[in-house]
Amino acid sequence: MIKAGLWIPRRQRAPKIHQPRYRRPCTGELIQIDGCDHHWFENRGRPCTALVYVDDATSRLMHLLFVKSESTFRARSTRPFAWLVSAHSGVMLRQRMARANWVSPGPVVACLLLTLNTLALSL
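The sequence shown begins at 161 in this note's numbering and counts up one residue at a time.
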């Protein structure tokens, strides 16, 4: 396959160039949200998700919640200009909303004057 040009070994491939995403200049301008499913309380409780809100400018932990699932959204007292969530979370949320016959979250986000940025995960 290599001789026929059908496959290129990893060492010979051109490196992928990724555009850097620079940090926002002001505290509270962009909040990154991520969750991690785990048995946080060992066998003393049900498995849950640690939902973490991190400020992009300072890398400071803004908020931490233990919730049933990563799709849980909690409103905070401050209103950032943008949220940064993983693209996969948005897809799962849209699928759950479609099953429950809910409306799209787009108009709600627009009303709150938030810019929903999705971060495509490269695995």
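Glycine is no exception: its CB is placed at the ideal position from the N, C-alpha and C atoms.
The residues His199, in chain order, have a CB closer than 6 angstroms to that of Pro207 in the same chain once the five nearest residues on each side in sequence are set aside. Annotation for Leu221: the continuous beta strand (DSSP E) segment containing it runs Leu221 to Val227.
CA-to-CA, the gap between Arg183 and Ala210 works out to about 24 angstroms.
Excluding the 5 residues flanking it on each side, Phe226 has same chain C-beta neighbours closer than 8 angstroms at Trp200, Cys208, Thr209, Ala210 and Leu211, in chain order. If you draw a 10 Å sphere on the C-beta of Gly205, you find fewer than 16 other C-beta atoms in it, and that means exposed. Buried is the label assigned to Leu190, since at least 16 other Cβ atoms lie within 10 Å of its Cβ. In this structure Gly188 touches Asp215 by the C-beta definition: roughly 6 angstroms separates them, less than 8 angstroms. Gln172 counts as exposed, since fewer than 16 other C-beta atoms from the protein chains shown sit within 10 angstroms of its C-beta. Excluding its 5 nearest sequence neighbours in each direction, Asp197 has C-beta neighbours in its own chain below 6 angstroms: Thr209, listed in chain order.
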